[in-house]
Each structure stands twice: as C-alpha cells, then as structure tokens.
Amino acid sequence: MARRMDVTGAGGVRLAAWEFADPPKADPDPADGRAEAEPRAPGVLLLHGLMGRASHWAPTARWLAARYRAVALDQRGHGQSGKSAQAAFTREAYVEDAEATLEQLGLAPAVLIGHAMGALTAWQLAAKRPDLVRGLIICDMRASALGAASQREWADWFQSWPVPFATLADVRTWFGEDDPWAERPNPARGAFYAEVMHESADGWRPVFEPEQMLRSRETWVYDAHWEELAQVRCPTLVVRGLDGELGRAEAQEMVRVLPRGEYAEVADAGHLAHYDRPVAWRAAVSPFLDSLLRD
Numbered sequence: 003m004a005r006r007m008d009v010t011g012a013g014g015v016r017l018a019a020w021e022f023a024d025p026p027k028a029d030p031d032p033a034d035g036r037a038e039a040e041p042r043a044p045g046v047l048l049l050h051g052l053m054g055r056a057s058h059w060a061p062t063a064r065w066l067a068a069r070y071r072a073v074a075l076d077q078r079g080h081g082q083s084g085k086s087a088q089a090a091f092t093r094e095a096y097v098e099d100a101e102a103t104l105e106q107l108g109l110a111p112a113v114l115i116g117h118a119m120g121a122l123t124a125w126q127l128a129a130k131r132p133d134l135v136r137g138l139i140i141c142d143m144r145a146s147a148l149g150a151a152s153q154r155e156w157a158d159w160f161q162s163w164p165v166p167f168a169t170l171a172d173v174r175t176w177f178g179e180d181d182p183w184a185e186r187p188n189p190a191r192g193a194f195y196a197e198v199m200h201e202s203a204d205g206w207r208p209v210f211e212p213e214q215m216l217r218s219r220e221t222w223v224y225d226a227h228w229e230e231l232a233q234v235r236c237p238t239l240v241v242r243g244l245d246g247e248l249g250r251a252e253a254q255e256m257v258r259v260l261p262r263g264e265y266a267e268v269a270d271a272g273h274l275a276h277y278d279r280p281v282a283w284r285a286a287v288s289p290f291l292d293s294l295l296r297d
C-alpha cells in the first residue's frame with residue numbers, strides 16, 4: 003500500500019510524499035507486555051526526474067522497505083503536489099522542498115536517490131546540508147551544461163504531443179513506439195508516461211503543465227554543476243544506463259570530481275534505468291547501499 007504524507011515546501015507549496023510500505027510495527031516486550039519500539043530504520047528519500055512522479059519509484063521503495071524507511075516525493079508541479087502558477091520553479095525551491103521533506107518527516111540523515119533532475123536536486127542538497135545526507139545515488143544526470151539548443155528541442159517536443167490522447171493505450175503507443183524524439187521503441191517508456199496522465203473531459207492529459215516543466219528545466223540547462231558536485235562529502239554512487247543520456251566519460255569524470263565517488267552501470271538500460279530494468283538496477287545499487295549500512 004502507499005501512505006500519503008503532506009509536506010509544506012518552499013513558499014508554502016503543498017507537497018505530497020509517499021511511503022510505499024507499512025510503517026514498522028512495534029513488538030510486545032515479553033517482560034511487561036508493553037510495545038517496545040524497534041530501532042528507527044535509516045531514511046531514504048527518492049526524487050523523480052522532470053515530468054516524473056513518486057509512483058515511478060514504487061518498486062524501488064518497496065524493495066528498500068525491508069531495511070529502510072523509504073519515502074518518495076511528488077516534487078512541486080508534479081504528481082499530486084502543488085502546481086500553482088505563482089509558485090517558484092527554481093533550483094533553490096526544489097532543493098528547499100527536499101530539505102523540508104527530510105526535516106518534517108524525520109528522515110535525516112538519509113540516503114538520497116535521485117533520477118535526472120531529482121539527482122541534481124539531491125546533490126545540491128547534499129552540498130548545502132551535509133548534516134542531512136548520509137549517502138547519495140545519482141541516476142543518469144549530467145553535470146555539464148546542456149545549452150539553449152537543448153531547451154528549444156524540449157519546447158518543440160512538448161508541442162509535438164498529440165494531446166489529448168483518446169485512451170491510455172494511445173499514450174503507451176505514442177511514447178513507447180511512435181514518438182519521433184525516441185531513438186527506438188520502448189514499451190517501458192510508454193508505461194512511464196501513461197503513469198503521468200489523468201483523464202479529463204476531452205481525453206488523457208499530463209498531470210503537469212508543460213510550461214512549468216520548461217520553467218523548471220531552464221534553471222539548470224544553461225549552467226554546469228561540477229562545483230556543487232565537488233562539494234558533496236558523503237559517499238556517492240553515479241549510475242548510468244548504457245544507452246542513457248549520461249555518457250561513460252562524463253560519468254567517470256563525475257566520480258573523479260566527487261570526494262567519495264563510485265561508479266556503476268545498468269546493462270541494456272536507457273535513461274529510465276531504475277524503471278525499465280528494476281532487477282538490474284537493484285543489482286547495481288545494492289553493494290553501495292550495503293556499504294552504507296556497514297558504516
């Protein structure tokens with residue numbers, strides 16, 4: 003089951019956080035029959051990428067729940083979190099939201115696991131508040147600047163979406179097979195985007211506003227983020243899918259820049275490595291997580 007918890011983010015934005023497992027139960031103390039609380043499980047905060055939502059992390063969160071208190075956040079403008087047109091969609095706001103989540107839910111010091119934009123938020127928070135972060139996993143996010151051409155391509159891509167979609171099957175087909183921006187057919191990609199659609203009066207539309215996604219993205223694409231990466235002091239694992247957006251050379255340079263960096267790959271995976279190859283993803287990150295528990 004998924005349990006929703008509300009968080010107040012930067013500027014008072016309402017955020018939805020989700021725990022994809024039942025909270026640990028206390029066992030009766032055989033001496034006096036009273037419940038004795040188990041030691042508090044280490045916290046994990048899972049941060050999705052641009053256009054994602056917390057539920058994309060559900061398989062990972064349920065797997066982690068055996069040893070961690072794993073919480074996934076619908077970041078501002080995404081999922082069931084606030085989407086006010088007046089809200090800030092800056093890097094600072096996203097980082098402050100993650101900071102507020104750790105503090106208000108009592109997760110710190112936590113392991114941060116981020117995909118794409120969520121990974122950038124995670125390492126920026128780790129650099130800003132090392133006291134809140136015990137470990138970090140970066141999944142397929144570049145530290146280099148992407149530039150104006152990349153932002154224009156994304157704006158054009160949003161314009162190409164044939165919204166509204168008549169059915170969820172049409173969503174899966176378009177994003178999984180027909181999207182001209184995709185390099186090859188990928189049913190998992192279709193499922194990923196079907197998960198961020200909701201039914202409206204005229205068909206299926208995204209739960210986010212594309213304009214807000216572009217506003218969010220423009221706050222990082224023009225800048226490189228190597229300096230903040232170098233400020234991350236906790237153990238950090240950089241993970242890439244072999245066919246993802248983060249190239250091997252850049253990933254290995256990120257590991258070199260990180261004071262305590264490590265590297266892992268997910269074979270036969272693209273940008274959505276944690277989502278479309280969950281078994282291989284778990285195998286890639288398990289040794290790192292095991293090492294954190296031993297520390």
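Here the numbering used here is used: the first residue of the sequence shown is 3, the next is one more, and so on.
Cβ coordinates follow ideal geometry from the N, Cα and C atoms, glycine included.
Here Val-257 is not near Ala-128, since their CB atoms are 7 Å or more apart.
Exclusion of the five residues before and after Ala-95 leaves Ala-12 as the residues of its chain whose Cβ lies within less than 6 Å of its Cβ. Annotated three-state conformation of Thr-10 is strand, per DSSP. Secondary structure of Trp-222 (DSSP, three-state): coil.
Scanning its chain for C-beta atoms nearer than 8 Å, with the 5 sequence neighbours on each side dropped, one finds around Ala-282 the residues Val-268, Ala-269, Asp-270, Ala-271 and Ala-275, in chain order. Here Pro-164 is not near Gly-205, since their CB atoms are 7 Å or more apart. Beta-bridge annotation (DSSP): Thr-238 is paired with Leu-138 and Gly-263.
Cβ contact annotation for Ser-86 (same chain, cutoff 8 Å, sequence separation greater than five): Val-15, in chain order. With contact defined as three or more Cβ pairs closer than 8 Å, the stretch 44-57 and the stretch 67-80 are in contact. Contact between the stretch 58-66 and the stretch 174-188 is absent: fewer than three C-beta pairs spanning the two stretches fall below 8 Å.
Closest by C-alpha distance to Arg-42, out of Asp-8, Ala-226, Tyr-70 and Phe-160, is Tyr-70. It is roughly 8 Å from the alpha-carbon of Ser-152 to the alpha-carbon of Val-223. Here the stretch 102-117 makes no contact with the stretch 209-225; the two share fewer than three CB pairs at distances below 8 Å.
Around the CB of Arg-250, fewer than 16 other CB atoms lie within 10 Å, so the residue is classed as exposed. Residue burial is scored here from C-beta neighbours: His-200 has fewer than 16 other C-beta atoms within 10 angstroms and is therefore classed as exposed.
Runs of the alpha helix (DSSP H) lying entirely within the stretch 60-132 and spanning at least 4 residues, in chain order: 60-66, 93-106 and 119-130. In terms of Cα proximity to Asp-292, the closest of Ser-218, Arg-207 and Leu-239 is Leu-239. Ranked by how close their Cα comes to the Cα of Leu-122, the residues Trp-228, Pro-237 and Arg-279 have Trp-228 in first place. When beta bridges are read from the DSSP output, Phe-167 appears opposite Trp-206. The Cβ atoms of Thr-92 and Thr-175 lie no closer than 7 Å to each other. Selection Pro-280, His-80, Gly-54 and Asp-99 evaluated against Ala-118 yields Gly-54 as nearest (Cα-Cα). Excluding residues up to 5 positions away in sequence, nothing lies with its Cβ nearer than 6 Å to the Cβ of Gly-149 in the same chain. For Trp-65 and Ala-286, the gap between their C-alpha atoms comes out near 14 Å.
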